[in-house]
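Here the structure is laid out as structure tokens; the discussion comes afterwards.
Residue numbers (the numbering used here): 51 to 402.
Pasting the structure below:
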């Protein structure tokens, strides 16, 4: 049977404004000491039990099974040379939240020096950043917008992403194995050769049409970029390099550096190293096709939607109820159901 490993401790409201804590206690009947930061909580969305189970299985499989990409999740220590190199440049930067509560991030692979970091080392650090982003409560409910600034990208760097195996694994992991709602992906300052990669993405048979419609190329048309982000938020969120007033990318890197140094993130990364396991020899036949392979023609999974309302403003809770059919009062029951399912899966082990 799958093991249920105890959590490191209850979630706290550190950094959350008191008015949000009071609202959570009043409207959601939640208190910090009663709320755990568990593996299951981010997957306990009720509109499809099977999809939640598949998502959690895939989440573990890409990290711990040969069917996934376990080497990409073999995270280095935060004081390793590759992490120090990664944190010295704005590879992945949090810009803030839109007025709708969506998290906005900008990524830039142009800073990648292949003499200092291999492709695999870069991907590991990127996924460490993604893990940190997933823990943002507003982004969990409202989704995220990703800007991919290709201003300094060169052909040699992009060749690693054109590799069929790398391309498939990156796209599959995003779509089928992460509890995150991607609202839009915006490519900025893209060079002409990027058209090849963009065509690959648009024509990939395993990607949902709904996902493909969220992809935008704006080139150097910053007016269009502002429109896609939202005119009311663009100037406040965009960094100076992209025509906004939100400081430089190096200045905004402080969020990433702080997250990499936080005890909470260290606990999550320790969880992946020590408290997650996938044993394919014990996998049940009913779950063997959950994570698709390159040759799989299976349909994409249902849209991924996490479930975590810690300290979130009522307007965003109402939005989640309307768009996701999620109700805070049902959270304990859904987590309990997912825990029972996880315990019945002999091939999985994860803290719950």
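Virtual Cβ for every residue (Gly too), placed ideally from N, Cα, C.
Distance between residue j and residue i (C-alpha atoms, nearest Å)
i, j, result
"residue 106", "residue 93", "6 Å"
"residue 184", "residue 235", "16 Å"
"residue 259", "residue 225", "12 Å"
"residue 237", "residue 308", "26 Å"
"residue 389", "residue 271", "48 Å"
"residue 311", "residue 128", "7 Å"
"residue 242", "residue 115", "37 Å"
"residue 249", "residue 169", "22 Å"
"residue 145", "residue 286", "9 Å"
"residue 164", "residue 394", "44 Å"
"residue 117", "residue 294", "42 Å"
"residue 167", "residue 208", "15 Å"
Residues near residue i in its chain [Cβ-Cβ closer than 8 Å; skip 5 each side]
i, result
"residue 245", "none"
Neighbourhood of residue i by C-beta, 6 Å cutoff - its chain only, sequence neighbours within 5 removed
i, result
"residue 195", "152, 154, 233, 234"
"residue 219", "119"
Secondary structure of residue i, DSSP reduced to three states
i, result
"residue 128", "coil"
"residue 316", "helix"
"residue 248", "helix"
"residue 161", "helix"
"residue 268", "strand"
"residue 101", "helix"
"residue 195", "strand"
"residue 349", "Because residue 349 sits at a pLDDT of 41, beneath the cut-off of 50, its placement in the model cannot be relied upon, and the following sentence gives the value as read from the coordinates. Note: residue 349 maps to coil in three-state DSSP."
"residue 259", "helix"
"residue 145", "strand"
"residue 230", "coil"
"residue 334", "coil"
"residue 327", "strand"
"residue 222", "helix"
"residue 340", "coil"
Close beta carbons around residue i, own chain, < 7 Å, minus the five adjacent residues each side
i, result
"residue 216", "210"
"residue 348", "Confidence at residue 348 is low in this model, with a pLDDT of 38, below 50, so the placement of that residue is unreliable and no value is reported for it."
Short Cβ contact (8 Å threshold) for residue i with residue j
i, j, result
"residue 298", "residue 179", "no"
"residue 397", "residue 330", "yes"
"residue 328", "residue 111", "yes"
"residue 161", "residue 131", "no"
"residue 37", "residue 201", "Any question about residue 37 goes unanswered here, given that the chain covers just 51 to 402."
"residue 303", "residue 143", "yes"
"residue 341", "residue 108", "yes"
"residue 275", "residue 268", "yes"
"residue 261", "residue 177", "no"
"residue 292", "residue 199", "yes"
"residue 148", "residue 283", "yes"
| task | Answer yes if the stretch 307-325 comes into contact with the stretch 186-195, meaning at least three C-beta pairs across the two stretches below 8 Å, and no otherwise. | result | no
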